[in-house]
Each structure stands twice: as structure tokens, then as C-alpha cells.
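Participant:
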Amino acid sequence: MFRYFKNLYTYRYLLYNLTAREIKSRYKQSVLGYFWVILNPLFQMLVLAFVFSFFIRIPVEFNIPYSVFLYSGLLPWTLFAQSIMSATNSLIENETLIKKVYFPREIIITSTVIAKIYDFILASTIFVGFLIYYKISIGVIIFYYPLIIFIQVMFSLGLSFILSAFNLFYRDVQYLLNTIILLWFYFTPIIYPIELIPDRYRFVFQLNPMSVLINAQRRTIFGGAELNYTSMIIAVLLSLFIFQVGYMIFKKLEGLFADVV
Amino acid sequence: MLSNMKIVFENVTKKFFKQEDRTLKELIPSLIKGMRAGEFINALKNISLNIEKGDTVGVLGRNGAGKSTLLKVIAGVTQPTQGKVVIEGKIAPLIELGAGFHPQLTGRENIYLNGSIFGLSKKQINEIFDEIVSFSELERFIDTPVKHYSSGMYMRLGFSVAVHTPFDILLTDEILAVGDADFQEKCINKMNLFKKQGKIIIFVSHALETVAAFCNKGLLLDKGNQIYYGGVDEAINRYKNL
Numbered sequence: 091m092f093r094y095f096k097n098l099y100t101y102r103y104l105l106y107n108l109t110a111r112e113i114k115s116r117y118k119q120s121v122l123g124y125f126w127v128i129l130n131p132l133f134q135m136l137v138l139a140f141v142f143s144f145f146i147r148i149p150v151e152f153n154i155p156y157s158v159f160l161y162s163g164l165l166p167w168t169l170f171a172q173s174i175m176s177a178t179n180s181l182i183e184n185e186t187l188i189k190k191v192y193f194p195r196e197i198i199i200t201s202t203v204i205a206k207i208y209d210f211i212l213a214s215t216i217f218v219g220f221l222i223y224y225k226i227s228i229g230v231i232i233f234y235y236p237l238i239i240f241i242q243v244m245f246s247l248g249l250s251f252i253l254s255a256f257n258l259f260y261r262d263v264q265y266l267l268n269t270i271i272l273l274w275f276y277f278t279p280i281i282y283p284i285e286l287i288p289d290r291y292r293f294v295f296q297l298n299p300m301s302v303l304i305n306a307q308r309r310t311i312f313g314g315a316e317l318n319y320t321s322m323i324i325a326v327l328l329s330l331f332i333f334q335v336g337y338m339i340f341k342k343l344e345g346l347f348a349d350v351v
Numbered sequence: 056m057l058s059n060m061k062i063v064f065e066n067v068t069k070k071f072f073k074q075e076d077r078t079l080k081e082l083i084p085s086l087i088k089g090m091r092a093g094e095f096i097n098a099l100k101n102i103s104l105n106i107e108k109g110d111t112v113g114v115l116g117r118n119g120a121g122k123s124t125l126l127k128v129i130a131g132v133t134q135p136t137q138g139k140v141v142i143e144g145k146i147a148p149l150i151e152l153g154a155g156f157h158p159q160l161t162g163r164e165n166i167y168l169n170g171s172i173f174g175l176s177k178k179q180i181n182e183i184f185d186e187i188v189s190f191s192e193l194e195r196f197i198d199t200p201v202k203h204y205s206s207g208m209y210m211r212l213g214f215s216v217a218v219h220t221p222f223d224i225l226l227t228d229e230i231l232a233v234g235d236a237d238f239q240e241k242c243i244n245k246m247n248l249f250k251k252q253g254k255i256i257i258f259v260s261h262a263l264e265t266v267a268a269f270c271n272k273g274l275l276l277d278k279g280n281q282i283y284y285g286g287v288d289e290a291i292n293r294y295k296n297l
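So the protein lines, in turn, are chains A and B. Sequential numbering from 91 applies to the first sequence in the numbering used here. Sequential numbering from 56 applies to the second sequence in the numbering used here.
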């Protein structure tokens, strides 16, 4: 992990350039351009909120409107899903660079993930607007929030390392991933609160870092309750473990990337 | 920049795994049937070289001889399967046809991107930017996305970016195949300058006359085998008799 951050530092200007390119080259031929980053999750939220507050009512805690509850989970989820999906394809997209010159390939993965964090921050402005509009007060432990996002990013990076490397050898990875992400979405308390799940099944969610992290993010925003520290410790350890294993596999296979891409 | 630059190959072999099955659907039946998922191809076999400061090495061989693979191994883009490679000195970005630029970005943006891949800071790139542009003669097109460039313009930009970054070892792959005579001459002049400065230049080309005039050493490869490494004239003779 030390090596990872050292490489990021050494190649910081490349990381900056690749990230800027990632952000710039998207939506280049569209009228609304970067607004899509904000509009897409907003529309998605509106559709889901419509379904789950009119047809099927889902009770939520913290005394907040369902739309706000949903948005608070949907945004970090979008960050996660977009991160690993675009990172999985990123090595293939940067084929020309990989074949031409050596630099640590994790720079590519990291730049795609950072570009998604940028999207996440932009999309969150609407969410802040919602908080202000509904006069929702922020919890006192909000300062944990960036830390939990950081853990989520480490978890995403770990998965991205494994998926992107394997995807070079077998492109099935990217197709399979779409299905898994969809399934994962429903197994994570985004459209429903975790309290809706009977106690005897809760352990499944405890082993899903995304579930614990999104739940914890909500608690820091809306306050009221303490964090569940046991779950948090499991999630943090699991995330860092995935990162470490992912990075090791990635570095092990790195020398073959130019041959198979 | 280093004073003692060198490239040493000790029994270097590079095998490519030729993957025939790109999807699991194809892989699984072939595993069950006991067939291999692909085969190994020897791109380089037992190559041993010793390239020293000031050497300009012409790499000769027919198509598929392993010339480009050799450059990729030197550049560190791909790792050898067996053997030892020692590189001392900073390597300039591999100059080859149609590689390395992002089509959506402009020439200017690509210069900054390529410079940063090479590990340069923004300030360092700013310093060499004008030189890169004027050498490539692309002033008018520098803010045009490179997807609109011709192959000659592409090469000019690629060559210009590579030679203006500080380096000890220059790797070129068929760079004289495109571009007009004027620019080719300009490239050769530039490379002669590097030769005088004692840099190592690896020159892959089918243009035998240029190789004879420019290089002091020759490496002849055939189907991944090292046929000859030594004086350039002997290498050319053997290549003609191959």
C-alpha cells in the first residue's frame, strides 16, 4: 500500500493529466455536456422515488422524506458502481499508452476512479440543495463522512485492480460485472433501510462492505444514532484487505498487460 | 542524465501466449476436452547483447523477426519470459507509427499528456513546448484534435515529443516510413546530433542505406533468433543473404 501511494506521488502530474483527460473527453459531443453527471443520478432518484413512495411505501428512519433518504444512498452507490465499471474497461481503453511506454499502470485505474469522485462531488450539490430545502439538520458526526467515502474508494480500487487485470485476459469480466452490479444494488440497503431486513439475515449485509459503508454514511449525515462500530471495523478491514490483495494481483500481472491487451 | 549508459541482454527469451479463446464460453469446453487454450510463440530466443554508450544499433530482420518485441522489452513495456535485462539510462518514449496519442485530444493536450507519462512536470513541459511544436512544424494544427492529423503529422509530433524529452536511450521503429524527404532529413540530422552526444540509439528499419550510413553496429534477427550482432556492414551482408 505504501508503494501504491509512493507511485501516485511520483507520477502525480501524469495522474492529474489522465484524470483531466478522463473528465474532459466525456460528454464532449453532447449539448448539456457535464450536466449529465448531475442529471443522471437525479433522474434515477426521481424514478425510484416515484415507484417506492407511490406504489410500494418504504418506511424510512431519521424522519426525512423518502427522496432524500434514497438520494443519500444512491449517490455513493453510483460512485462505487461507476468507479469499478469504468476502471474495469480503462486498461483496454488506454491500450496505446500501455503498449508504448512503461509507467505504473495503477495510475490509469486511479485516474478513472478520481474522475468518478469528481462526478460524485458535482452530483452531490443537488443533494445539498435537497437538505437545505427540507431544512434537514446534519448529524454531529458528519466529519466521519469523508473518511467513510475514503474507505469506500479503497474498496473500489481493490476490486478495480482485480477486475481490470482479469478483463484484459477474458472480456467476460466486464459483461458479468453489469449483472453482478445490478444484483449487488438490491442486496445493499439503498432503496430500503437496513432495519427492514429481519435480524437473522443481517449478517449477510454485515459482510457486504457497501452495505455497511452506505448505512454508516447515512448515519453520519442524518445523525441521531451512533455508528455500529463492530460492523464498521469489519468493513474497514475487509476493504483494506481487498485493496491490498487486488493491488498485489495487479502488480503481479502488470508485466503481461502489453502482451494481451 | 547518466554518464555510463548501457543495455545488456543475457539469454533473453520472450514467449507470447497466443490466446485463442477470448471468452470463457470458448475456454471451458476446450479445457474439458483437454485442449490447450492457446500456444506459446517465441518472439525472442536467447538474445544476448551488450550495447554501450555511443552505440547506434541498426536492427534488421524480416517481418516477424522480433524487432518490435525487442524494442518493447528494452522500453520496459513488456517483460522477458526468461533471461536478464539490464538497462542503465533514461529511455525516451518508443517512437513508432500511429501510437501513443489520444485521438480526441488536441496536439497541445497530447504533448502535455505524453510529457507527463514520461515523468515530466508541467513546468518542464512548458520549457520544451515551443521547441517541440516548431520542430514538428505543426504550429497551425496544434489545437486540432489529433484524430484529424495525417500519418505524417502524427509521426512528426511523436518524434518531436520523444526527442525533446531528456533521455539517454532512443528507440525508433520504422520512423522513416512516412513523412516527406525534408522531415526525414531533419530527423536524421537530429539523430546524428544525439549520436555525437554519445546517446544510445536503437534504429529499426528496412532502409538499409540509412542503416549503413547511420549505425555503427547491426543486429540481425530471424524468427526470434539472433543471427548476428556486431559491425553494421557484416550485419547488412548477412541480411541480404538470408
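Backbone N, C-alpha and C define an ideal beta-carbon position, used for all residues, glycine too.
1) Does chain B have any CB closer than 9 Å to the CB of A348 (chain A)?
2) Just to confirm the assignment: which complete alpha helix (DSSP H) runs, minimum length 4, are found wholly within the region 98–157 of chain A?
3) Report buried or exposed for A301 (chain B), applying the criterion of at least 16 other Cβ atoms within 10 angstroms of its Cβ.
4) Any idea which residues DSSP pairs E285 (chain A) with across the strands?
5) For a contact defined as C-beta to C-beta under 7 Å, what are the partners of G131 (chain B) on chain A?
6) Using 9 Å as the limit for Cβ to Cβ distance, is K177 (chain B) near chain A?
7) What are the residues that DSSP puts in a beta bridge with P148 (chain B)?
8) Starting from K272 (chain B), trace the beta strand (DSSP E) both ways and give me its first and last residue.
9) In or out: E194 (chain B) buried (at least 16 other Cβ within 10 Å) or exposed?
10) Could you pull the start and end residues of the beta strand (DSSP E) that N257 (chain A) belongs to?
11) Verify the contact flag: L212 (chain B), CB atom, against every heavy atom of the ligand FAD, threshold strictly below 8 Å.
12) Under a three-way DSSP split, which group does K69 (chain B) fall into?
13) Quick one: list the residues of chain B neighbouring S115 (chain A), beta-carbon separation under 9 Å, in chain order.
14) Grouping DSSP H, G and I as helix and E and B as strand, with all else coil, what is I232 (chain A)?
15) If contact means a Cβ-Cβ distance below 8 Å, which residues of the region 163–190 of chain B contact chain A?
16) Spatial neighbours of A406 (chain A) within its chain, please: C-beta separation below 6 Å, excluding the five flanking residues on both sides.
17) What does K127 (chain B) reach in chain A if we use C-beta pairs closer than 7 Å?
18) Does any residue of chain D have a CB that is nearer than 9 Å to the CB of N179 (chain A)?
19) Mind the definition here: the region 95–114 of chain A touches the region 165–184 of chain B only if three or more C-beta pairs lie below 8 Å; say whether that holds.
20) Report the option in A:M338, A:V137, A:F144 whose CA atom is closest to the CA atom of L249 (chain A).
21) Need the endpoints of the beta strand (DSSP E) that I282 (chain B) sits in, please.
22) Could you tell me the boundaries of the beta strand (DSSP E) in which L225 (chain B) lies?
Facilitator: In short, the structure shows the following:
1) yes
2) If we require 4 residues or more, the alpha helix (DSSP H) runs fully inside the region 98–157 of chain A come out as 102–115, 125–140.
3) The displayed coordinates of chain B run from 56 to 297. Any statement about residue 301 (chain B) would go beyond what the structure contains.
4) BP columns for E285 (chain A) are empty, so no partner.
5) Y192
6) yes
7) Note: P148 (chain B) sits in no beta bridge, so no partner.
8) 272–277
9) exposed
10) Careful: N257 (chain A) lies outside any beta strand (DSSP E), inside the alpha helix (DSSP H) at 235–259.
11) Ligands in the displayed structure: none, and consequently the ligand FAD is not present.
12) strand
13) H157, Q159, L160
14) helix
15) Within the region 163–190 of chain B, the residues whose Cβ lies closer than 8 Å to some Cβ of chain A are E164, Y167, L168, S171, I172, F173, G174, L175, S176, K177, listed in chain order.
16) Because chain A spans 91 through 351 in this model, residue 406 (chain A) falls outside it and cannot be assessed.
17) A348
18) Absent here is chain D; the protein component of the structure consists of chains A and B.
19) Verdict: yes, contact present.
20) A:M338
21) 280–286
22) 224–228
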